[in-house]
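Read in the numbering used here, the sequence shown has 107 at position 107, and its numbers run on one by one without any break.
In this text, a Cβ means the ideal position worked out from N, Cα and C, and glycines have one as well.
Bear in mind the structure is a predicted one, so any value in this text is a computation, not a measurement.
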Amino acid sequence: MARSNPKRKKRGNVYDRHSRNKWLRSPEAGFGGNGETVPCTMCGTVLTEKTVEADRILAGDSYAHWNIRPACRPCNASRGNKPVNVEIAALLDDPSVPYEDIQALVHAQYMERTGQFSLIAS
Ligand SMILES: [Zn+2]
1 MARSNPKRKK
11 RGNVYDRHSR
21 NKWLRSPEAG
31 FGGNGETVPC
41 TMCGTVLTEK
51 TVEADRILAG
61 DSYAHWNIRP
71 ACRPCNASRG
81 NKPVNVEIAA
91 LLDDPSVPYE
101 DIQALVHAQY
111 MERTGQFSLI
121 AS
């Protein structure tokens, strides 16, 4: 069974959501966005400001940049709380792996994708 962070983070206010939406579509985020549109990470549908959603890589964890990726509503809704990929899913299923190590892996992937440094705690 997949574990999730007990400290469940909130979605934040409308300004936070607008800021995330804009970042997900930006080239800096590393998802192939051009500032206006970005493909859904799972199905490739081209998303706009109106349709892009922030899908959390580690469900139940932070909405900070390191843990979000662009998704269309159907993909975001159908994924539910399932983990993002087989590597992370396997780690979440292994009780001997500390949750902090899984966060660190997602964080490392973020830094590799964006070339940006960011604190896990943010
Ligand atoms: Zn999709």
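Legend entry - Of the residues 14, 113, 73, the one placed nearest residue 67, counting alpha carbons only: 113
Legend entry - Expected contact under 8 angstroms - CB spacing of residue 76 and residue 55 to nearest Å: Indeed, because the Cβ distance is near 5 angstroms, the residues count as touching under 8 angstroms.
Legend entry - In DSSP terms, what residue 56 is bridged to: Paired residues: 68.
Inset, instruction - May I have the straight-line CA-CA distance separating residue 20 from residue 71, to the nearest angstrom? - result: 12 angstroms
Inset, instruction - Return yes when at least one heavy atom of ligand 1 lies under 7 angstroms from the C-beta of residue 71, else no. - result: In this structure, the C-beta of residue 71 approaches ligand 1 to less than 7 angstroms from one of its heavy atoms.
Inset, instruction - Have a look at residue 22 and residue 69 and give me their C-alpha separation to the nearest angstrom. - result: Using only the alpha carbons, I get a separation of about 12 angstroms.
Legend entry - Candidates 63, 108, 95, 78: closest to residue 18 by CA position: Proximity to residue 18 across 63, 108, 95, 78 peaks at 63, based on C-alpha coordinates.
Inset, instruction - Return the CA-CA distance between residue 1 and residue 91, expressed in angstroms with no decimal places. - result: Confidence at residue 1 is low in this model, with a pLDDT of 48, below 50, so the placement of that residue is unreliable and no value is reported for it.
Legend entry - Cut-off 8 angstroms between Cβ atoms - residues of its own chain near residue 117, not counting five sequence neighbours on either side: 111
Legend entry - Check: residue 45 C-beta below 7 angstroms from any heavy atom of ligand 1: True, at least one ligand heavy atom lies under 7 angstroms from that Cβ.
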